[in-house]
Every structure is written in structure tokens, then in C-alpha cells.
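A.B. asks:
Residue numbers (our numbering): 1428 to 1996.
1) So which of 1879, 1805, 1922 has the shortest CA-CA distance to residue 1529?
2) Drop a sphere of 10 angstroms on the beta-carbon of residue 1928, count the other beta-carbons inside from all chains shown, and report buried for 16 or more, exposed for fewer.
3) Report, in whole angstroms, the separation of the C-beta atoms of residue 1562 and residue 1731, which I expect to be a contact under 8 Å.
4) Quick check on residue 1940: does DSSP put it in helix, strand or coil?
5) Can you round the beta-carbon distance between residue 1750 and residue 1790 to whole angstroms, since I take them to be within the 8 Å contact cut?
6) Just checking, does the stretch 1554-1571 make contact with the stretch 1768-1783 on the three C-beta pairs under 8 Å criterion?
7) Determine the DSSP secondary structure at residue 1661, reduced to helix, strand or coil.
8) Using the C-alpha atoms, what's the distance from residue 1868 back to residue 1447?
9) If you reduce the DSSP assignment to three classes, tell me which class residue 1629 lands in.
10) Indicate the three-state DSSP secondary structure (helix, strand or coil) for residue 1841 in the structure shown.
11) Could you work out which residue in 1904, 1581, 1462, 1678 is closest to residue 1631 when comparing CA atoms only?
12) Mark residue 1651 as exposed unless 16 or more other C-beta atoms lie within 10 angstroms of its C-beta, in which case mark it buried.
13) Let's test the definition: count the other Cβ atoms within 10 Å of the Cβ of residue 1969 and tell me whether it reaches 16, buried, or not, exposed.
14) Excluding the five sequence neighbours on either side, which residues of its own chain have a C-beta within less than 6 Å of the C-beta of residue 1717, listed in chain order?
15) Report the three-state DSSP secondary structure of residue 1456 (helix, strand or coil).
16) Under a three-way DSSP split, which group does residue 1544 fall into?
17) What residue range does the beta strand (DSSP E) around residue 1673 cover?
18) Using only the alpha-carbon positions, how far apart do residue 1672 and residue 1602 sit?
19) Is the CB-CB distance between residue 1917 and residue 1907 below 8 Å?
20) Is residue 1502 helix, strand or coil when you go by DSSP?
21) If you follow the beta strand (DSSP E) that residue 1470 is part of, which residue opens it and which one closes it?
22) Inspect the beta-carbon positions of residue 1623 and residue 1586 and report whether they are closer than 8 Å.
23) Between the stretch 1594-1612 and the stretch 1632-1651, can you find at least three pairs of beta-carbon atoms closer than 8 Å?
24) Of the residues 1830, 1476, 1634, 1875, which one's Cα is nearest the Cα of residue 1584?
25) First and last residue of the beta strand (DSSP E) that includes residue 1650?
26) Does DSSP put residue 1508 in a helix, a strand or coil?
27) With three or more C-beta pairs closer than 8 Å as the rule, is the stretch 1828-1840 touching the stretch 1882-1892?
28) Output the distance between the C-alpha atoms of residue 1761 and residue 1460, rounded to the nearest integer angstrom.
29) For the stretch 1680-1694 and the stretch 1610-1628, state whether three or more C-beta atom pairs, one from each stretch, are separated by less than 8 Å.
30) Would residue 1393 and residue 1738 qualify as a contact pair, given that the criterion is a beta-carbon distance under 8 Å?
31) Could you tell me the distance, in whole angstroms, from the CA atom of residue 1505 to the CA atom of residue 1843?
32) In the DSSP assignment, the beta strand (DSSP E) including residue 1922 goes from what residue to what residue?
33) Per DSSP, which residues does residue 1685 bridge with? Please list them.
34) Is the separation between the beta-carbon of residue 1709 and that of residue 1697 shorter than 8 Å?
35) If you reduce the DSSP assignment to three classes, tell me which class residue 1928 lands in.
36) Just mark residue 1961 as buried or exposed, buried being the case when its beta carbon has 16 or more other beta carbons within 10 Å.
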């Protein structure tokens, strides 16, 4: 029996009306409703439907017809929609801690509607708010209540004009004055201006500002986060000493006001230092539970892992939407066919399947990875908040950082290539603005850049893996990790020594011969669960034997033209 919403006669999965896609749906070998229940769970499906139903019936969320909105009108409308989202109370502060998976689902739902809205909401609640919660102490929790009541509106100010990835070189300063028990936030020049800060351009009243902390005597204790008021909540006029403005029109997500700020000797109370990982006493003495400066900085920048994991989810939603649009179009668009007979849907052609189906498979695989990594991150953050300073907790943090640093490039690049392939696979009709593929392409593009350039992030993951190998060489320690994602390196000598031998073309298509012995054993034990080999070929006279590296170019998925995109994954 198909589930129904409580108090409503409407089924959770109403049948689609008959139309051009009915024939394909009728031919399916599985129930899409059962698949949705398996992937999402009934509770999450009900939650998502309640969101979509509310937005669909609210005139404020109706799509504008005719001419495009001006930049100012779009941003004004986006802020009004953000405020309405808070009024619906889809995601309370309690939900964030009680049911963290709701956070991911809610983000996906808003993103499917408009990433400008999703980004605006989550930069305020989950980036600004979680930075205060994770890096602050009880004296800062009053801000959390004001976040969800919209008494204040927040942003996260780390990146500067001249420094983004190199966080250690951030140049904004915070000098402590013991005479007044205040920090003096200062931008030494324009290159130190906070830049590319979402929500800062028009609407943010407060910012979590990262600055180099100096105590009396001139000693610098590195980068620390501070809560800084940048605008008056009632008038939205800049606070004294704060120069703040909007960066202007972007390539996409223009409903989000990205801005910049400079600070000229702006004084804030000592208590505005988010002091979970480092504090300053009234007399100017610096205290920290971390002896290692790198560990303290890593803990302070924990919000970056949340941002990267969120971007993985954003990219996957974009890919899901694009693939859905392209496949449905391909099932209805007809071209060519047998003489004197009805034309064939282009989805029936192998070329169209070769172009689109790998991205459909990637969407499913990456969606599962995104949810799994998000829950692992929640576990790690809860451990930090609970005071867990164990070796496992530290290793878990390093592993999640490496996974997020590799996952963001994988997801955002796959989505980037997939959306473009979907656009081209729809032919001339794919160039129409109404199909949304262009908007998806533009809105996804910054996922490849912000929260860390993809190529730099892959280097971080590579350094993590090479560091594990170095430890193995030096001390002989086993290569293992809390989430077991690097345990395969334990067998790396055997993996690198594997040579492929095959006597037929079918052997070349069977990946079993390319796997280490442990995986081959698994396949033999589970052979009855695997689909039968679909292609048989006569054996060739001799056997081929050559290094696996020669096969790599031929094992690329369609559309992935650059092997470098998968380095270190």
C-alpha cells in the first residue's frame, strides 16, 4: 500500500498523469516508489513533500513571467522569501541537533527551487550560526536564538582580496587592548578586505570575522574568529569604522548578495572572541586547550568542512535535475526510425544512452556518498563539542577533511561536465532558457571554486594519503582510518604489482581481473549475486600481459575527458 500524508487523503506518491512518458514508466522493471522509499525513507519523503507543497501554494514563490527581474529586485525578493522560510519553521534549531539529516534534505529542497535562496538561508543559519556554536561558548549562544528569530542576519568572513586558500596568510588583525578589554579589528589595506562573502553585500548585520590575534607585547597567536557587528539591524547602515558594500552581478546565483568589508580600528568587546579553541583573559593572557597551533587552526576552520560537504550535496542536486530533464526529453523526442514507420525516441539510441546513463549512475552513487559523509561529519563535530580529544577523534577529523577535499572536486566537476553533456544531448532545444539547464550550469559553476579551488583541494587529499604512506615507511604502522576509506593502501604493493592477463576480449571487459586478490575472492564468493556476463567472445590465440597503467585511458567514464579530475580519489 502506498503511504499517505497524515491527515490527508493524498498518497505520498500520487500517480503521474498519462502522457508521453507513460510508456517508459510502464516498461520499468522496478517500482520507482519503492526505490524512493529505500533511498530516502518515509519520514524524509514526507518532510520533503511538506516543503514543496508549501512553496507551491505560496504566491511569493511563484516564478516571475516575462522579463527577467533586475538585480536589486531579485535580491529583495530573495530576502523576502528567506524570511518566509523562517516563518514556515521547516527547520528549527532543535531539528538541527535532533535530526541532522533534515538539514541536508532541506538544503536540497531549497536548492531545487533556487540556489540563491538556499545559499542565503544556510549561510545565515548553518555557516554563520554553526561557526558561533562550534567555535564559541555559552556566552555566545544568545546569538543562536537571534539567528533563528532573524533579529540578526549573519555571514562568514574568511576570504580576503589577496588570500583565499592560504588561510594562514590572512591579514586582517585583531589587537587586544587590556585597558578597555576590547579587540581592535583592522584591515591594513585593500588587499586585506574581506571579499566574496555571501549575505554581506546588502543584508548581513553581523559577521564571523577571521583575524590574526595579537596580545599586548605584539605576539601573534594566529587566526581566530570574532563576532563583529557590521550594520545596524534596524537601519542596515554600516557601523562606525566599517566600510561594507556589494560586489555586483555574478555569473549565477544573483539572488545572493555577495559583498566585501574593510575595518578601520573597529572596537569590539573581548567577549566577542569565539573562544572554544583559544581565549584571552582580561589582562591579555592567551589560553588554548591545543598545544599544536595547526590543530587549533584546524578546529577553528571546521566550518570549512561543513561548507565543502554541503557543496558536494549542492552539486549532486544540480546533476540530478539536469539528468532528469535530459532523460525525460530524450524519451519523448523522436528522430529517425525504420522506413515508413514511426520515429524512435532518441533515448533508444546507444549513443544517447552512452552520453547520459553514466551521469545517472553517478548521481545515485554520489548522492549516497554525500549523505554518508554528512553524517560522518556530524559525528565528528558532536565529538568535538563533547570534549573528545582522543587520537581516533583527531584521525577522524583528518580523514573527513581529506574526503571533503576530494569529494567537492569529484562532485562539482562531475556535475559541471554532466550538465553540459545534458545540454548538448537535448540538441537545439537544450539551448532554450526555459529548460533551466543554463541556470543549473551557471549556478553550479562556483561549486568548483569557492570553499577551496578544486585543484588545491585535491593536493590536500594527496598530501593526506602520502603522509599515511610516510608513516608506514617510518614506523611500520598499519594503514587504516576510522571510516576505513584508506585501508586499501595497506595492499598498495600488491595493487601496484598487479598485471592484467587475458585470453579474450571478454576478459578485457571483466574488471575482476583488475582487482586485488581480496576483491577477487569476494567476487568468487558472491558470483551467484552478480549479473551474468553479457558478452562472450572467442579466445584469442595468445594471452595479453601488460601493466594496468596502459588500461587507464580506456577505463574513463564517458564525459570524463581528464584523468586528472580523479587524482587522489
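Heads up, the beta-carbon is just placed ideally off N, CA and C, and yes, glycines get one too.
C.D. replies: Reading it off the structure:
1) 1805
2) Answer is exposed; the Cβ neighbour count stays below 16.
3) With a Cβ gap of about 12 Å, residue 1562 and residue 1731 do not count as contacting.
4) Note that residue 1940 scores a pLDDT of 47, beneath 50, so its modelled location is shaky; the value from the coordinates is reported in the next line. In the structure shown, residue 1940 sits in a helix (DSSP, three-state: H, G or I).
5) 6 Å
6) no
7) Under the three-state reduction of DSSP, residue 1661 is assigned to coil, being neither helix nor strand.
8) 26 Å
9) coil
10) helix
11) 1581
12) buried
13) The predicted model places residue 1969 with a pLDDT of 41, which falls under 50 and marks its position as unreliable; any figure quoted below should be read in that light. With fewer than 16 Cβ atoms within 10 Å of its Cβ, residue 1969 is classed as exposed.
14) 1723
15) Coil, per DSSP.
16) helix
17) 1669-1673
18) 24 Å
19) Yes, they are a contact pair.
20) Three-state DSSP puts residue 1502 in a helix.
21) Unbroken run through residue 1470 is the alpha helix (DSSP H), 1469-1484; no beta strand (DSSP E).
22) A contact, by the Cβ cut-off of 8 Å.
23) Yes, they touch.
24) 1634
25) 1647-1656
26) helix
27) Yes, they touch.
28) Answer to the nearest angstrom: the Cα atoms are 27 Å apart.
29) These segments touch.
30) Outside the shown range of the chain (1428 to 1996) lies residue 1393, about which nothing can therefore be said.
31) The straight-line gap from Cα to Cα measures roughly 25 Å.
32) Looking at the DSSP string, residue 1922 is not in any beta strand (DSSP E); the run it does join, the alpha helix (DSSP H), is 1919-1924.
33) 1625
34) The Cβ atoms of residue 1709 and residue 1697 sit closer than 8 Å to each other.
35) strand
36) Note that residue 1961 scores 32 on pLDDT, short of 50, meaning its location in the model is unreliable; the coordinates nonetheless yield the value given after this. Counting Cβ neighbours within 10 Å, residue 1961 comes out exposed, since fewer than 16 surround it.
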